[in-house]
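Counted the way the working numbering counts, the sequence shown spans residues 36 to 191.
A virtual CB, placed ideally from N, CA and C, is assigned to each residue, including glycine.
Remarks on the structure that follows.
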Amino acid sequence: MTGEKWTIYWNEYSSNTYLYGSEIIYHAKDDVEFRNMLMAPGTVIKQWYSKTYYQMQRIEPALPMIDGEGRYRITVHIDCPEDETWLIQLIFCDRYDAEAGRISIRDEISYFQCPLKTYSYRMQLMNGGMTRFRFHDIEIQEVEYEAEEEEVKKII
Numbered sequence: 036m037t038g039e040k041w042t043i044y045w046n047e048y049s050s051n052t053y054l055y056g057s058e059i060i061y062h063a064k065d066d067v068e069f070r071n072m073l074m075a076p077g078t079v080i081k082q083w084y085s086k087t088y089y090q091m092q093r094i095e096p097a098l099p100m101i102d103g104e105g106r107y108r109i110t111v112h113i114d115c116p117e118d119e120t121w122l123i124q125l126i127f128c129d130r131y132d133a134e135a136g137r138i139s140i141r142d143e144i145s146y147f148q149c150p151l152k153t154y155s156y157r158m159q160l161m162n163g164g165m166t167r168f169r170f171h172d173i174e175i176q177e178v179e180y181e182a183e184e185e186e187v188k189k190i191i
């Protein structure tokens with residue numbers, strides 16, 4: 036591992052959260068309970084940004100700046116029932132806010148590399164067929180390609 040590790044939490048700011056019929060309980064900074072029995076699969080539950088417009092959104096960026104030449108490991112800490120699932124989507128944008136790429140993540144630990152022309156990105160927690168879950172945090176860490184291959188070999 037070479038780079039820094041960033042931890043993303045679910046802050047209490049609700050403008051980027053799906054609230055319609057949702058019950059959200061903030062137990063701690065790293066423990067948020069979410070329930071919504073009527074939410075359709077594919078619904079964006081929560082969104083985080085690497086670039087924001089403070090005048091409009093009144094929030095600061097929650098995601099770290101990443102570059103297109105680095106490789107990253109994302110670790111998702113979400114507890115949900117076994118028969119239910121979540122989905123994380125990373126949407127990369129160029130300097131004109133046009134979409135430059137998109138990655139979907141379903142595993143607890145995944146590796147990704149963003150497109151070279153990435154200027155900013157956003158991360159979405161989506162409903163993959165779940166009605167309740169406990170969100171702890173999401174970690175993003177820069178890794179070297181060789182280190183990534185060694186970890187994959189250890190898992191297999």
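(request) Within its chain, find whatever has a CB closer than 8 Å to the CB of E95; leave out the 5 residues flanking it on each side and keep chain order. (result) As a first step, residue 95 must be located in the sequence shown, where it is residue number 60. Correct list, in chain order: T87, Y89.
(message) Is the beta carbon of R167 closer than 9 Å to that of Q82?
(response) What you label residue 82 is simply residue 47 of the sequence shown in a count that begins at 1. What you label residue 167 is simply residue 132 of the sequence shown in a count that begins at 1. For Q82 and R167, no; Cβs fall outside 9 Å.
(message) For D118 and E68, I'd like the C-alpha separation in whole angstroms.
(response) Here residue 118 refers to the residue found at position 83 when the sequence shown is read from its first residue. Here residue 68 refers to the residue found at position 33 when the sequence shown is read from its first residue. Taking the straight line joining both Cα atoms gives about 18 Å.
(message) Relative to the C-alpha of L98, which candidate in V79, N46, S139 has its C-alpha closest?
(response) In the sequence shown, counting from the first residue as 1, residue 98 sits at position 63. Nearest C-alpha to L98: N46.
(message) If you measure between the beta carbons of I101 and T153, is that distance less than 9 Å?
(response) Numbered from its first residue, the sequence shown carries residue 101 at position 66. Numbered from its first residue, the sequence shown carries residue 153 at position 118. For I101 and T153, yes; Cβs fall inside 9 Å.
(message) If I follow the unbroken beta strand (DSSP E) through S49, where does it start and stop?
(response) Translated into the one-based positions of the sequence shown, residue 49 becomes position 14. Taken as a continuous stretch (DSSP letters only), S49 belongs to no beta strand (DSSP E), as it is neither H nor E.
(message) I'd like to know whether the C-beta atoms of V79 and I173 end up nearer to each other than 9 Å.
(response) One-based indexing of the sequence shown puts residue 79 at position 44. One-based indexing of the sequence shown puts residue 173 at position 138. With respect to I173, V79 sits apart: the two C-beta atoms are not nearer than 9 Å.
(request) Taking the CB atoms as reference points, tell me whether I113 and S139 lie closer together than 9 Å. (result) The sequence position of residue 113 within the sequence shown is 78, counting from 1. The sequence position of residue 139 within the sequence shown is 104, counting from 1. Contact: no.
(message) Taking its Cβ as the centre, do 16 or more other Cβ atoms sit within 10 Å of M72, making it buried, or is it exposed?
(response) For this step, residue 72 is matched to residue 37 along the sequence shown. Exposed, by the Cβ-count rule.
(message) Within a Cβ cutoff of 6 Å, which residues of the same chain sit near K169, ignoring the five residues on either side of it in sequence?
(response) Taking the sequence shown and counting its residues from 1, the one referred to as residue 169 is at position 134. Looking at the sequence provided, one finds Arg at residue 169 rather than Lys. Closer than 6 Å at Cβ, skipping near neighbours: E68, D114.
(message) What does DSSP give as the partner residue(s) for L122 in the beta ladder?
(response) The count along the sequence shown starts at 1 and reaches residue 122 at position 87. Within the DSSP secondary-structure output, L122 pairs in a beta bridge with M161.
(request) Compute the Euclidean distance between the alpha carbons of G163 and G38, then round it to the nearest angstrom. (result) As a working mapping, residue 163 is identified with position 128 in the sequence shown. As a working mapping, residue 38 is identified with position 3 in the sequence shown. Looking at the two C-alpha atoms, the distance is approximately 31 Å.
(request) Following the continuous beta strand (DSSP E) through I140, name the residue where it begins and the one where it ends. (result) As a position in the sequence shown, residue 140 is number 105, starting the count at 1. I140 -> beta strand (DSSP E) spans 134 to 140.
(request) Could you tell me the distance, in whole angstroms, from the CA atom of D132 to the CA atom of I126? (result) Here residue 132 corresponds to residue number 97 of the sequence shown, with the count starting at 1. Here residue 126 corresponds to residue number 91 of the sequence shown, with the count starting at 1. Cα to Cα, the separation comes out at about 11 Å.
(request) Tell me where the beta strand (DSSP E) around I59 begins and ends. (result) Counted from its first residue, the sequence shown places residue 59 at position 24. For I59, the enclosing beta strand (DSSP E) has its first and last residue at 58 to 63.
(message) Going by beta-carbon coordinates alone, are Y84 and S155 separated by less than 9 Å?
(response) The residue labelled residue 84 in the question sits at position 49 within the sequence shown. The residue labelled residue 155 in the question sits at position 120 within the sequence shown. Yes, they are a contact pair.
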